[in-house]
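One structure is given here, and the rest of the page talks about it.
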Amino acid sequence: MSWLSEGHGSAIYEIGVADDGSFVGLSPEDMEISLQTLHRMAEFLKADVTILRRVSVESTQPEDGSAPGLARKQPSTHISIPRTDPEYLVVEAKVTSRLADEHHFMEIRVALVGGPDAGKSTLLGRLAHGIADNGRGKARLNLLRHRHEISTGRTSSISHEIMGFTAKGETVNYSTTNISSWQEVCESSAKVVTLLDTCGHPRFLKTTISGLTGHSPDYACLVVDSRVGGVSEMTREHLALAVALGLPTFVVVTKMDVATREQLRATATALMALIRTTGPSCLPSVDIETGFSSTLLSSSTSKSSSTGTIDSAVQKFVPIIVHKENDLEAVVDRFSNAQTIARTNSVAIPILLLSSVTGENVNLLEKMLRLLPKPSLDDHGESYSQEPACYQIEEIYSIPDIGTVVGGFLHSGRIQIHKNGTISKDTSSSSTAASVPSAGISQGKTRVPGNKNMRLYLGPVDRDGSFIPVVVKSIHRQRMSMRSIDSGQTATLAIEGPGLSRVKVRRGMVVLESDTDPRGTCCQTFEAIIQVLAHEGVFGVGYQGMIHCGSVHQNANVIKIDLLPSSDQEEDLSLSLDSNDAEL
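Using my numbering, the letters of the sequence shown correspond one by one to residues 19 to 602.
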């Protein structure tokens with residue numbers, strides 16, 4: 019198993035070769051037994067065996083029937099009569115891990131947000147590694163990526179960990195017996211939860227925003243320090259971000275083992291008041307065609323959410339503190355079930371109180387993560403799975419002997435491994451026609467199911483919006499080799515193409531599926547409807563801000579502002595923005 023892991027899913031076995039590299043050979047009977055043993059080992063590891071070479075060799079056999087080749091190593095003490103037997107064999111076999119079925123496990127992504135020193139990294143370490151914290155950050159040491167993070171205790175980058183649940187509901191993490199890798203967690207689980215650790219300090223707020231937009235989490239977990247006795251400003255900021263991005267958010271109050279009863283009561287009271295006032299009413303609802311805006315709680319207009327089943331106009335947030343496991347199922351149903359939310363006209367916000375040191379109520383959080391459903395396709399738009407593939411690049415790697423590897427999120431369509439790993443002449447031909455939608459934009463073209471060798475393009479590679487053809491050599495999801503990925507999944511792709519070596523792959527680029535060169539799908543100027551929240555500062559023509567859209571994080575200048583025709587929403591602005599280096 020370790021050799022397969024070190025070889026990224028493949029290993030070479032040479033049977034009939036001595037430790038010094040000399041060809042010794044085995045008889046046909048012994049070789050057959052050795053190959054049968056290798057096949058049994060591979061079957062246990064869910065791998066396949068391929069015979070690369072089988073050759074006959076000359077082997078020295080001592081008369082006393084000892085092991086072949088030993089007589090040559092001891093000429094002074096043992097006299098042997100060498101003989102040539104052409105039936106002695108040497109075999110080179112390749113063992114390759116089987117590609118996992120894309121529906122092998124269900125995956126949800128949960129982002130941990132909250133202010134500094136709230137215990138997000140410690141909580142993630144407790145969930146993923148099953149390690150009890152010592153009160154000084156022991157549980158988070160395996161997660162921190164930089165030396166200054168260890169010394170200060172403050173996270174400055176986005177990190178990932180996973181935990182799983184079996185079909186019987188048992189937790190699978192690194193503390194489980196015989197579990198030491200992501201692959202083993204995924205193979206043993208029916209459901210996998212990817213936990214994203216974000217930054218709490220105001221200095222790294224942009225990193226947190228880029229993580230929430232680029233990694234597309236399904237849920238947000240707001241982590242609050244119970245010792246504060248209230249709600250910090252960054253806690254309010256992170257909750258507003260999660261609500262603005264439409265992320266279903268639940269709350270975890272940590273460090274209850276060191277907080278006093280008065281601190282716990284004050285924190286819970288402040289949280290419940292904040293949640294009630296931060297309901298959907300804080301978000302604008304804008305009719306794109308007319309430009310008129312209204313609040314979501316307006317009694318005059320009733321608009322449906324993206325699910326098509328929840329009436330956003332009458333929703334409100336109802337905080338509920340969960341104390342017992344028996345109460346979790348009902349609360350999670352009110353939190354995530356669209357039909358229940360529509361019937362009650364409210365969204366329950368679960369609040370859990372726990373300790374990463376004593377482990378008190380950690381089982382409640384684990385059970386809640388197990389109960390959380392995967393958002394349905396309707397929540398993201400059912401048509402996304404039928405649209406041409408659009409893969410948003412978030413991270414880039416250069417792996418020796420493999421080449422360029424990109425990591426990101428498949429926004430729409432499906433991507434699978436190219437059959438023969440080469441680009442046909444028709445694929446590399448360019449055309450000015452552009453019919454492939456970029457992220458979030460559909461132009462009415464649907465993908466053809468079962469297209470084995472899809473045409474993929476990487477770009478934009480320059481300011482003119484050019485794309486280059488690429489093929490996908492391999493796909494890894496949660497560090498497991500896959501045949502394909504579907505919309506809504508994160509994965510890494512090993513890509514190659516004729517012009518890839520001359521291009522600097524950057525975050526914000528996309529891999530698009532298209533029958534023709536998708537040149538022209540990019541833009542450098544666009545319009546946006548902006549809701550100004552409670553932040554201070556001057557906002558006007560010439561203002562330069564950061565645009566976060568999927569994996570794109572780009573500076574843009576405001577070149578024109580038009581007030582929306584609304585009497586009660588003076589803060590809503592219709593903008594024209596310009597970017598000198600827009601990615602999409």
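Beta carbons are placed, not taken as given, at the ideal position from N, Cα and C, and that holds for glycine.
Since the structure is predicted, the reported quantities are computational estimates derived from the model, not experimental observations.
Straight-line spacing of the CA atoms in I293 and S174 works out to 27 Å. With a cut-off of 8 Å on Cβ pairs, the segment 138-148 is not in contact with the segment 244-254, counting fewer than three such pairs. Annotation for M49: the continuous alpha helix (DSSP H) segment containing it runs P46 to F62. The Cβ atoms of T216 and L289 do not sit closer than 8 Å to each other.
For L70, the uninterrupted beta strand (DSSP E) segment begins and ends at A65 to V75.
By the CB criterion at 8 Å, M252 and G133 fall inside the cutoff. Linking E110 to L70 through their CA atoms gives a straight-line distance of about 5 Å. Contact check for L476 against E531 fails: the beta carbons are separated by 8 Å or more.
By the neighbour-count criterion, in which a residue is buried when 16 or more other Cβ atoms sit within 10 angstroms of its Cβ, H429 is buried. If you check the CB distance, Q507 and W200 do not come in under 8 Å.
Counting every other CB atom within 10 Å of its CB across the protein chains shown gives D419 a total below 16, marking it as exposed.
Sequence-distant Cβ neighbours of V529 in its own chain, meaning closer than 6 Å and more than five residues away, are Y409, L474 and L476. Taking 8 Å as the upper bound for CB-CB distance, V570 and V521 are not in contact here, some 17 Å apart.
Judged by DSSP in its simplified three-state form, E545 adopts strand. In this structure, R58 sits away from F183, with a CB-CB distance that is not shorter than 8 Å. In the three-state reduction of the DSSP assignment, N575 falls in the strand class. Using a Cβ distance threshold of 8 Å, I339 and I369 count as a contacting pair. At the C-beta level, G148 and R158 stay beyond 8 Å of one another. Straight across, the Cα-Cα distance linking T231 with K437 is about 32 Å. With respect to the 8 Å criterion, L383 and L371 are not classified as neighbours on the basis of their beta carbons.
Straight-line spacing of the CA atoms in G153 and H219 works out to 20 Å. Contact between F427 and E412 is confirmed by a C-beta separation of about 7 Å, below the 8 Å threshold. The residues E179, M181 and N191, in chain order, have a CB closer than 6 Å to that of A146 in the same chain once the five nearest residues on each side in sequence are set aside. The residues K334 and V336, in chain order, have a CB closer than 6 Å to that of S364 in the same chain once the five nearest residues on each side in sequence are set aside.
Annotation for H566: I227, S228 and T231 place their beta carbon closer than 7 Å to its own, counting only its chain and skipping 5 residues before and after.
Q357: not part of any beta strand (DSSP E); member of the alpha helix (DSSP H) spanning A356 to T362, first to last residue. For C204, the enclosing alpha helix (DSSP H) has its first and last residue at W200 to E205. Taking the C-beta atoms as reference points, A407 is found nearer than 8 Å to G431. Under the criterion of beta carbons closer than 8 Å, I486 and G517 qualify as touching, at roughly 4 Å.
In this chain, the alpha helix (DSSP H) harbouring R279 covers R279 to T295. Scanning G568, L581, E47 and F557 for the CA closest to the CA of N575 turns up F557.
A208 sits in coil when the DSSP states are folded into three classes, being neither helix nor strand. In the DSSP assignment, C567 forms a beta bridge with V570.
When the beta-carbon positions are compared, V67 and V35 stay at least 8 Å from each other.
Only residues of its own chain outside the window of five on either side were considered, and among them T422 and V423 have a CB closer than 8 Å to the CB of S416, listed in chain order. Listed in chain order, the non-local C-beta contacts of F123 below 7 Å within the same chain comprise C204, S207, A208, K209 and V210, local neighbours out to five positions each way being set aside.
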